[in-house]
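Taking our numbering, the leading residue of the sequence shown gets 25, the next gets one more, and so forth. Beta carbons: idealized from backbone N, C-alpha and C, even for Gly. Everything numeric in this text was worked out from a predicted model, so none of it was measured.
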Amino acid sequence: MSEKMSNAQQALDKRRGQMNNRYRPGFHPSVPVGWMNDPNGFSMFKGKIHLFYQFFPYDSVWGSMHWGHWTSEDFTHWSDEPVAMAPDKEFDSEGCYSGTAIEVGRKLYLVYTGVRTEGPGGRRLQQQCIAESADGSHFTKWCDNPVIGYDKLPTDYSPYHFRDPKILQIPGGYRVITAVKGQKCGQLITFVSKDLHYWSYEGVFVNDLGEMPECPDFFHLDGHAVVITCIIRSDPLPFPNNYLVCYQVGTAVDGHFFSNNPRRTVDWGLDFYAPQTIEAADGRRILIGWALSWSHVQATHRLGHGWAGIMTMARECVIKEETLYQQPVREMAARRTEAQNLPQRLIQKETSLPECAGKKKELDLLLDVEHANSVTLQLMKTGNESLELTWLRESNRLRLDRRNCGYPLTDDGSPEKMPYSEAPVTIKDNRLHLRIFVDVAIVEVFVGDGEVAMSTLAYPKGDSYDVSLRADGFVQIISGIGWEIL
Ligand code: FRU
25 MSEKMSNAQQ
35 ALDKRRGQMN
45 NRYRPGFHPS
55 VPVGWMNDPN
65 GFSMFKGKIH
75 LFYQFFPYDS
85 VWGSMHWGHW
95 TSEDFTHWSD
105 EPVAMAPDKE
115 FDSEGCYSGT
125 AIEVGRKLYL
135 VYTGVRTEGP
145 GGRRLQQQCI
155 AESADGSHFT
165 KWCDNPVIGY
175 DKLPTDYSPY
185 HFRDPKILQI
195 PGGYRVITAV
205 KGQKCGQLIT
215 FVSKDLHYWS
225 YEGVFVNDLG
235 EMPECPDFFH
245 LDGHAVVITC
255 IIRSDPLPFP
265 NNYLVCYQVG
275 TAVDGHFFSN
285 NPRRTVDWGL
295 DFYAPQTIEA
305 ADGRRILIGW
315 ALSWSHVQAT
325 HRLGHGWAGI
335 MTMARECVIK
345 EETLYQQPVR
355 EMAARRTEAQ
365 NLPQRLIQKE
375 TSLPECAGKK
385 KELDLLLDVE
395 HANSVTLQLM
405 KTGNESLELT
415 WLRESNRLRL
425 DRRNCGYPLT
435 DDGSPEKMPY
445 SEAPVTIKDN
455 RLHLRIFVDV
465 AIVEVFVGDG
475 EVAMSTLAYP
485 KGDSYDVSLR
495 ADGFVQIISG
505 IGWEIL
């Protein structure tokens with residue numbers, strides 16, 4: 025084992041007991057120590073679910089990137105595995121950046137971006153590398169890395185912005201989709217190989233992706249080809265959502281993706297980035313994202329808690345009428361305990377809903393909003409502090425607002441410029457159906473059949489985690505259940 029690997033593992037083991045876990049979620053995966061960003065290498069291997077992540081074990085800020093690792097049997101309980109990779113080779117000495125994984129012939133292959141400087145003090149080259157494992161726990165990097173060096177890149181692309189390979193098996197071999205910065209715009213491009221060792225450039229997969237895309241994902245679902253990618257743009261972003269993380273439904277022929285459909289937002293909350301998907305053993309398409317975006321700073325870092333990094337729950341995806349629908353994996357139902365039913369009633373003034381209170385909860389609410397101009401649920405409430413979820417009739421939007429909920433997600437504790445986000449919602453028969461998951465420092469909201477998902481972090485100072493409901497006008501609770509989640 026390299027020195028960097030053993031240092032990283034020791035840091036993980038030693039620091040684990042030193043974390044402040046006040047804001048550690050119960051049923052969302054969170055980094056054991058230090059910093060975490062993107063999910064990586066989401067895959068099935070020998071029947072087990074593997075999820076890796078961008079990891080810096082030494083501090084709760086981004087640093088030279090390692091790969092952390094969890095496994096799971098059910099998408100809801102995640103066990104820590106040894107550190108999978110450290111930046112310990114000449115070709116990845118500046119970091120093992122994001123990538124994906126694939127099981128071939130009883131081995132698991134990690135395809136990732138190795139970053140190294142061009143020379144002393146030089147710029148950071150990004151190239152694609154491979155590591156393999158027979159046991160799914162210990163990984164060996166190939167000696168012929170980088171397998172897709174910058175020399176394979178057509179000259180109009182930048183070797184400093186060439187990353188996040190998505191590996192796919194295709195008839196007779198493999199295809200990799202990577203993000204790259206072109207002369208005019210960002211693109212996704214592809215390379216093909218028969219044996220994973222020798223790769224050749226194939227062409228442009230998706231064009232016109234802002235300044236630079238990141239973390240592409242691609243799959244077939246319900247008869248469609250779907251591309252998901254994050255887009256970095258230099259022009260101002262339109263509110264309510266900035267289309268940072270978007271999906272597009274279309275068709276794919278070989279290394280080309282075609283679509284006349286618009287790019288749409290995957291998640292309308294404040295904190296969501298770099299999602300990856302896999303096909304589960306039973307054919308479901310499961311998605312997990314990093315619950316943060318680069319513009320926010322997690323409060324656990326500023327408060328010195330020693331860790332910063334939460335993933336969303338695993339979500340099941342379906343495509344209906346060119347639209348992505350998401351719901352938490354059905355396995356989450358097995359973690360419910362103590363169901364409490366809400367009485368049917370008409371509410372106007374702020375009314376506490378004790379059935380919904382708690383730090384780790386699932387809420388399922390069906391509301392009749394016919395006689396309301398707006399309806400507000402206050403979540404994570406202690407005294408005057410709460411995370412507000414408001415349906416607004418005038419704009420037909422749902423707003424998730426954390427401005428009045430504890431610590432802001434800024435580096436110096438100053439108020440956030442944009443502490444809320446809004447999602448468009450379609451109300452049928454005056455009914456608003458909300459599934460809400462509250463988990464200590466994160467809230468995920470699913471509207472209707474899952475046509476809208478919102479994930480947002482919040483760090484309330486108070487400990488009560490009460491819930492209340494009020495309306496401008498009247499709101500009728502048609503039905504409601506609150507579950508404790510184990
Ligand atoms: C996205 C990203 C990736 C990169 C990684 C580095 O969040 O910027 O493009 O591989 O993070 O940690």
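In chain order, Leu-132 and Phe-163 place their CB closer than 6 Å to the CB of Ser-157, counting only its own chain and leaving out the 5 sequence neighbours on each side. If the five residues before and after Arg-359 are omitted, its C-beta is found closer than 7 Å to the C-beta atoms of Phe-51, Thr-100, Ile-509 and Leu-510, all from its own chain and listed in chain order. A distance of 8 Å or more separates the beta carbons of Lys-190 and Lys-113.
Following the DSSP letters along the chain, one finds Asn-31 inside the alpha helix (DSSP H) bounded by residues 27-39. Between the region 460-476 and the region 368-375, the count of C-beta pairs closer than 8 Å stays below three; the two stretches do not touch.
Following the DSSP letters along the chain, one finds His-325 inside the alpha helix (DSSP H) bounded by residues 323-326. In the three-state scheme derived from DSSP, where H, G and I count as helix and E and B as strand, Cys-209 is classed as coil. Rounded to the nearest whole angstrom, the C-alpha separation of Pro-49 and Ile-334 is 8 Å. Between Asp-241 and Gln-152, the gap from beta carbon to beta carbon reaches 8 Å or more. Residue environment: Arg-339 is assigned as buried (16 or more neighbouring CB atoms within 10 Å of its CB, all protein chains considered). Leu-493 places its beta carbon less than 8 Å from that of Leu-377. By the Cβ-count criterion, Ile-194 is exposed, with fewer than 16 other Cβ atoms from all chains shown falling within 10 Å of its own Cβ. With a threshold of 7 Å, the Cβ atom of Arg-187 counts as near the ligand FRU, since some heavy atom of the ligand is closer than that. Here DSSP, grouped into helix, strand and coil, assigns Asp-463 to strand. Nearest to Met-29 by alpha-carbon distance, out of Pro-106, Ser-84, Gly-87 and Asp-98, is Pro-106. For the options Phe-282, Met-89 and Glu-127, the alpha carbon positioned closest to that of Cys-120 is the one of Met-89. In this structure, Met-68 has its CB at a distance of at least 7 Å from all heavy atoms of the ligand FRU.
With fewer than 16 neighbouring CB atoms inside 10 Å of its own CB, Asn-285 falls in the exposed class. With contacts defined by Cβ atoms closer than 8 Å, Ser-317 and Leu-268 form a contacting pair. Contiguous beta strand (DSSP E) elements confined to the region 42-128 occur at 58-69, 72-80, 90-96 and 119-128, taking only those with 3 or more residues. Cα atoms of Asp-83 and Asp-291: separation of roughly 28 Å, rounded to the nearest angstrom. By the Cβ rule, the region 482-498 counts as touching the region 428-440, because three or more pairs are nearer than 8 Å. Listed in chain order, the alpha helix (DSSP H) runs fully inside the region 316-397 are 323-326, counting runs of at least 4 residues.
Distances taken from the Cβ of Gln-151 to the heavy atoms of the ligand FRU include none shorter than 7 Å.
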